[in-house]
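Numbers in this note's numbering are just positions in the sequence shown, counted from 1, shifted up by 5. Note that the Cβ used here is the ideal one computed from N, Cα and C, for glycine as well. See below for the structure under consideration.
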Amino acid sequence: MSFTRTLRAVGGAVVAGALLFGTAPVASADQIRDAQWPLKAFNADEIWKISTGKGVTVAVIDNGVQSQHPDLKGNVLPGKSFEDGGSAEPKGGDTHGTSMAANIAGHGHGPGGESGVKGLAPDAKILPLRDDGGRPDGLASSIRYAVDKGASIVNISMTGNSSPGESEAISYALKHNVLIFAGAGNDGKGGPDAIQYPARYPGVVAVGGVQNAGNGEIWPGSNYGPQVMLTGPAVDIVSAGDSGTSKYQKDTGTSDATSFASATAALLREKFPNLSAGQILNRMVKSAGLPPSAKGIPLPDAHYGYGFIQPLAALKRDIPAGPKNGPLKMPQDQASSAGTGGQAASAGSTGSDTAVPPAKKASWSPLFIAMLVGAGVVVVVVIVVIVVLVRRKGRRNGPPPGGPGGFGGSGGPGGYAPYPQTPPQQPGAPGSYPPPPGR
6 MSFTRTLRAV
16 GGAVVAGALL
26 FGTAPVASAD
36 QIRDAQWPLK
46 AFNADEIWKI
56 STGKGVTVAV
66 IDNGVQSQHP
76 DLKGNVLPGK
86 SFEDGGSAEP
96 KGGDTHGTSM
106 AANIAGHGHG
116 PGGESGVKGL
126 APDAKILPLR
136 DDGGRPDGLA
146 SSIRYAVDKG
156 ASIVNISMTG
166 NSSPGESEAI
176 SYALKHNVLI
186 FAGAGNDGKG
196 GPDAIQYPAR
206 YPGVVAVGGV
216 QNAGNGEIWP
226 GSNYGPQVML
236 TGPAVDIVSA
246 GDSGTSKYQK
256 DTGTSDATSF
266 ASATAALLRE
276 KFPNLSAGQI
286 LNRMVKSAGL
296 PPSAKGIPLP
306 DAHYGYGFIQ
316 PLAALKRDIP
326 AGPKNGPLKM
336 PQDQASSAGT
346 GGQAASAGST
356 GSDTAVPPAK
366 KASWSPLFIA
376 MLVGAGVVVV
386 VVIVVIVVLV
396 RRKGRRNGPP
406 PGGPGGFGGS
416 GGPGGYAPYP
426 QTPPQQPGAP
436 GSYPPPPGR
């Protein structure tokens, strides 16, 4: 994936003084929390009574995460840089990955964590992977690494060109029951080619942006197309910055929408640990909302997908698990190998339509063949017995009417009449099939 860029339309405006709030010379921690409008719109306090994402690892493939930020410290696992082989700490003041991580798993700071930024899944763990996609295989290595290190969700708030190996890495993730979310893009463009990679790959959940969760109207800068699956908050998102003096910032873009979708999946993976990746997505899709202006539109819609995420509804509604792959558009290799039932279940998954392993399918073939052979032998034996009896009778009583003891006679006793060219088929007659319904 070359020329990778983060999906930030408003480039990390530092939250300080009148820039954001227009009152105090420096924004207080309480103001920071109050400015996190998605938490209020989602009714996060009620969500956290049900799930906080505990025990779930979300890989953030981005430009690094500040592990020592006061609102993230302790929630960031040791990561890796695929750019220089070092740590996943950001370089040169990059703050994008830190913002995404904070939207997902920020825990605030101070007494009771009441100050600073809090993420939608505050007890989830972040696996930071610093990767600009500049290698020949793009982001393939970091996706595979995330899977191997135990992440069940991968957040990619970046776009770029496709690279060899990325599609296979996405298939690898899906085979290991891992969901991948990626941003749709911030150009405001539409059409089948408007969604950029990696969101454009089959098997990746493409996320667009809405202006706010109150009315849920689409953000005009959000790219749209047939790949869009869900939308999330994208405008004026206050989140973490660096760990120095500029700890907070305000951004706009589908980057943030993607991080909130990943956080929602983390909440669901804690609450429903036995659901497959596709079934988790199914809950998100079935509980998604639409603004009044979009009611009644055919779904999925090019702008909204199935609608904007509603985490509380996804956690609480009675939604059947559904097929293992849910609404995921599977990569071609998995679709062809698994047929309509999706890919074979990975270890530990409990999908309701788990595919039968090939070995089990093959084990029936010899038995079936043996049954056919056995049935054939029985038929032959019966025919032989009948012929012998007929010949014995013929020797005792003389030739039957219709010709001497052979086939093709007139059909008298003991003989076999020739099969008529157009046999009459009477409904319900012995040996005939019942007529089709309605005839």
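Classification of residue i by the beta-carbon crowding that lies within 10 angstroms, buried from 16 upward
i           : result
residue 322 : exposed
residue 302 : exposed
residue 298 : exposed
residue 185 : buried
residue 119 : exposed
residue 43  : buried
residue 228 : buried
residue 113 : buried
residue 171 : buried
residue 214 : buried
residue 287 : buried
residue 51  : exposed
residue 330 : buried
residue 316 : buried
residue 89  : exposed
residue 127 : buried
residue 117 : exposed
residue 91  : exposed
DSSP three-state assignment for residue i, whether helix, strand or coil
i           : result
residue 306 : strand
residue 468 : Residue 468 cannot be examined here, being either before or after the span of the chain that is shown, 6 to 444.
residue 284 : helix
residue 297 : helix
residue 43  : helix
residue 262 : helix
residue 116 : helix
residue 272 : helix
residue 248 : coil
residue 230 : coil
residue 107 : helix
residue 254 : strand
residue 235 : strand
residue 316 : helix
residue 277 : coil
residue 72  : coil
residue 123 : strand
residue 290 : helix
residue 329 : coil
Alpha carbon of residue i to alpha carbon of residue j, nearest angstrom
i           : j           : result
residue 188 : residue 115 : 32 Å
residue 277 : residue 224 : 31 Å
residue 259 : residue 308 : 12 Å
residue 37  : residue 53  : 19 Å
residue 247 : residue 205 : 30 Å
residue 56  : residue 75  : 22 Å
residue 35  : residue 262 : 23 Å
residue 107 : residue 239 : 15 Å
residue 244 : residue 237 : 15 Å
residue 337 : residue 281 : 19 Å
residue 221 : residue 295 : 7 Å
residue 125 : residue 306 : 26 Å
residue 334 : residue 85  : 29 Å
residue 200 : residue 241 : 22 Å
residue 60  : residue 207 : 28 Å
residue 66  : residue 149 : 11 Å
residue 283 : residue 332 : 7 Å
residue 230 : residue 143 : 23 Å
residue 71  : residue 318 : 32 Å
Chain-order list of residues whose beta-carbon lies under 7 Å from that of residue i (same chain, five-residue window excluded)
i           : result
residue 156 : 62, 63, 64, 132 and 183
residue 69  : 93, 94, 95, 96, 99, 102, 133 and 135
residue 209 : 175, 185, 187 and 203
residue 154 : 132
residue 197 : 230 and 231
residue 264 : 105, 108, 109, 160 and 162
6 Å CB neighbourhood of residue i in its chain, flanking five on each side removed
i           : result
residue 270 : 158, 184 and 285
residue 4   : Because residue 4 is not part of the residues shown, which for the chain are 6 to 444, the question remains open.
residue 291 : 324
residue 41  : 243
residue 234 : 210, 211 and 310
residue 267 : 63, 109, 158, 160 and 186
residue 179 : 208
residue 193 : 225 and 226
Own chain residues within Cβ distance below 8 Å of residue i, not counting five before or after
i           : result
residue 73  : 248
residue 130 : 61, 62, 63, 80, 81, 82 and 110
residue 190 : 12, 164, 199, 200, 201, 204, 227, 228 and 259
residue 77  : 70, 71, 103, 106, 107, 110, 111, 112, 131 and 245
Cβ-heavy atom distance, residue i to the ligand SAM, below 7 Å
i           : result
residue 126 : Ligands in the displayed structure: none, and consequently the ligand SAM is not present.
ask   = Which runs of the beta strand (DSSP E), 3 residues or longer, sit entirely within the segment 143-207?
value = 158-161 and 184-188
Ordered list of alpha helix (DSSP H) runs contained in the segment 50-103, each at least 4 residues = DSSP runs (the alpha helix (DSSP H)) wholly in the segment 50-103: none.
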